[in-house]
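Some notes on the structure that comes next.
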Ligand code: FES
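Residue numbers (our numbering): 217 to 372.
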C-alpha cells in the first residue's frame, strides 16, 4: 500500500454520504498518521465534496493533522490538572521555541506538536509526553533544555 492508496478505506464506505466524512478522515489518519492533500482530494472525489469543504470540516476538529509527524512527537497535556499547573504557558513556550502550531511539524521534520486531553499522569502536572516519555512538572524555562536533549539524541 503506497502512502496515497486510500482505496481500501474508501471501499469500507460503499454508500458514502457526507455523514461518512469524519469516520473516513479518522481511518485515513489512523492508517497514515496524517491527512495528505492527495487523500483529501480522493475523499472529495469519492463523496463529491469540494476539498475546501473537507478542509473546513477537518480543521474544525483538533484531532486531524495535515503534515506527517516529526521524528519526535510532542504531546502537551491540556487536561484540567495540567491546566491548573500552567500548561497553557508550557504550550506557548513549545510553540515559540519550535515556531509551529499544534498539528504542525517543524520544517526539518524533527518535531511535531499535538494538544492532548489528560494523559493519566495528573500527579506529575504539568506534563508533556515526547515519543512516549513523560516529562513531569514542566516549566517554560525547562522547555529549551528538554528539546535540546532530543536534538542531541537525534545526532547520536
Ligand atoms: S490533566 Fe494532564 S495528565 Fe491529567
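Idealized CB from N, CA, C, for every residue including glycine.
In this text the structure is predicted, and so the values were computed from the model without any measurement.
In this structure the region 222–238 lies against the region 268–284, because at least three pairs of beta carbons, one per stretch, are closer than 8 angstroms. In this structure, the C-beta of residue 287 stays at least 8 angstroms away from each heavy atom of ligand 1. Under the three-state reduction of DSSP output, residue 334 falls in the coil class, being neither helix nor strand. Put simply, the backbone Cα of residue 245 is about 31 angstroms away from that of residue 361. Residue side-chain check: residue 296 places its Cβ nearer than 8 angstroms to a non-hydrogen atom of ligand 1.
At a cut-off of 8 angstroms, the beta-carbon of residue 225 does not count as near ligand 1: no heavy atom of the ligand is closer than that. Taking residue 308 as reference, the option from 230, 289, 359, 279 with the minimal CA-CA separation is 359. DSSP lists 291, 350 as the bridge partner or partners of residue 345. The bridge partners DSSP lists for residue 329 are 290.
The beta carbons of residue 352 and residue 295 sit no closer together than 9 angstroms.
Of the candidates 328, 327, 345, 345 places its Cα closest to the Cα of residue 335. Residue state for residue 322 is assigned as coil, using DSSP reduced to three classes.
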